[in-house]
């Protein structure tokens with residue numbers, strides 16, 4: 001989504017940060033639908049009075065949201081932090097900005113973001129969320145929403161079936177090898193990205209969160225630089241920040257979905273993913289022209 005010159009927004013230091021706000025699940029779903037319909041919306045967490053972090057799902061955002069909660073002084077008790085769902089905890093503080101709003105904020109705040117190799121990001125999404133597209137877990141989710149009412153389950157199941165038929169897909173086979181499913185979905189990602197909002201959230205191109213203009217950012221880092229960024233936040237805030245390594249496969253050795261790796265992708269799947277995420281590669285190229293190269 002390109003900025004509309006007639007919607008130019010001017011801000012100055014001290015002005016409230018604009019954007020949509022979201023502090024409950026229903027509003028979060030509304031935001032995902034807006035993005036699913038093609039809009040770019042950048043989720044921003046303020047850092048002091050002159051900086052901000054734009055987070056992207058699967059780009060180290062669990063670790064960085066946890067660090068932000070500590071750096072901002074929102075949660076300083078480690079015991080409390082360990083029992084906190086960080087994605088929910090940061091929602092009341094996140095500003096969801098349209099492109100003209102992000103541009104206005106970038107005039108007086110140094111914007112920071114993480115970029116991730118798109119293929120690695122897709123594999124990470126498959127580890128954590130691909131199983132949600134199986135018939136068994138779709139039905140389980142519909143059962144929860146139905147609360148024992150068979151007529152509600154049947155009605156919602158029919159809606160799912162109709163939606164999937166329109167997209168030319170069907171729920172994933174419960175008994176199939178997750179490696180085959182990961183390759184299958186890669187070939188049909190244009191359809192699957194529209195199928196289920198939690199999956200959509202983690203597989204939309206990064207530019208749908210970052211925007212199309214890397215020149216708005218002061219700092220764009222690779223995944224291997226997250227530790228350095230957390231150290232900067234620690235020094236700038238004066239807060240103690242306990243880092244926690246995020247490794248989805250380490251604690252789930254019995255779950256074959258959690259063990260998926262980039263090496264499980266075949267050449268056709270990789271080609272399809274490179275095509276789907278070409279916009280993210282273009283963003284990286286333009287970012288490195290402005291900010292210099294770094295190791296991804």
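Numbering (the numbering used here), first residue to last: 1 to 296. Using N, Cα and C, we set each Cβ at its ideal position, and we do this for glycine too.
Quiz item: Using the beta-carbon count (16 or more within 10 Å), is residue 97 buried or exposed?
Solution: buried
Practice problem: Jot down the residue ranges of each uninterrupted alpha helix (DSSP H) in the region 146-215, minimum 4 residues, whole runs only, in chain order. | Solution: 150-167, 178-187, 189-192, 197-203 and 207-210
Quiz item: Going by the CB atoms, is the gap between residue 47 and residue 54 shorter than 8 Å?
Solution: no
Quiz item: Counting Cβ pairs closer than 8 Å, one from the region 170-178 and one from the region 104-122, do we hit at least three?
Solution: no
Quiz item: Would DSSP call residue 265 helix, strand or coil?
Solution: coil
Quiz item: What separation, rounded to the nearest whole angstrom, lies between the Cα atoms of residue 117 and residue 166?
Solution: 31 Å
Practice problem: Quick one: measure Cβ to Cβ for residue 278 and residue 115, integer angstroms, because I've assumed they're closer than 8 Å. | Solution: About 14 Å; that fails the 8 Å criterion.
Quiz item: CA-CA distance, residue 2 and residue 99?
Solution: Annotation note: pLDDT 44 at residue 2 (below 50); position unreliable, coordinate value reported separately. Straight-line Cα distance between these residues: approximately 7 Å.
Practice problem: Kindly give me the distance between the Cβ atoms of residue 198 and residue 242, rounded to whole angstroms, as I take these residues to be in contact under 8 Å. | Solution: In fact, because the Cβ distance is near 28 Å, the residues do not count as touching under 8 Å.
Quiz item: Looking only at DSSP bridge pairs, what is residue 96 linked to?
Solution: 20 and 43
Exercise. Would you tell me roughly how many angstroms separate the C-alpha atoms of residue 74 and residue 215, rounded to the nearest one?
Key: 30 Å
Quiz prompt | Alpha carbon of residue 126 to alpha carbon of residue 264, nearest angstrom | solution = 11 Å
Quiz prompt | Cβ-based burial, residue 41 [other Cβ within 10 Å; buried from 16] | solution = buried
Self-check item: Pair within 8 Å by beta-carbon distance, residue 269 and residue 187
Solution: yes
Quiz prompt | Limits of the alpha helix (DSSP H) - the one that residue 64 falls within | solution = 61-71
Quiz item: Taking C-beta to C-beta, are residue 17 and residue 123 nearer than 8 Å?
Solution: no
Quiz item: Buried or exposed: which applies to residue 158, given that a residue is buried once 16 or more other Cβ atoms fall within 10 Å of its Cβ?
Solution: exposed
Quiz item: Where does residue 91 fall in DSSP's three states?
Solution: helix
Self-check item: residue 34 versus 136, 213, 209 and 230, residue with shortest Cα-Cα distance
Solution: 209
Quiz item: Does the distance from the C-beta atom of residue 70 to that of residue 201 stay below 8 Å?
Solution: no
Quiz item: Between residue 101 and residue 9, is the Cβ-Cβ spacing less than 8 Å?
Solution: yes
Quiz item: Can you give the beta carbon distance from residue 91 to residue 28, rounded, assuming they're within the 8 Å contact cut?
Solution: 7 Å
Quiz item: Mind checking residue 183: buried by the 16 CB within 10 Å criterion, or exposed?
Solution: buried
Quiz item: Where residue 211 and residue 85 are concerned, what is the direct C-alpha to C-alpha distance, given to the nearest angstrom?
Solution: 27 Å
Practice problem: Go ahead and pull the three-state DSSP assignment for residue 135. | Solution: helix
Quiz item: Over what stretch of residues does the alpha helix (DSSP H) that includes residue 240 continue unbroken?
Solution: No alpha helix (DSSP H) holds residue 240; DSSP gives it neither H nor E.
Quiz item: Name the DSSP beta bridge partners of residue 143, please?
Solution: Partner(s): none; residue 143 has no beta bridge.
Quiz item: Expressed to the nearest angstrom, what Euclidean distance is found between the alpha-carbon atoms of residue 203 and residue 94?
Solution: 20 Å
Self-check item: residue 110 (DSSP reduced to helix, strand or coil)
Solution: strand
Quiz prompt | Residues sharing a beta bridge with residue 219, DSSP | solution = 112
Quiz item: Can you tell me whether DSSP reads residue 56 as helix, strand or coil?
Solution: coil
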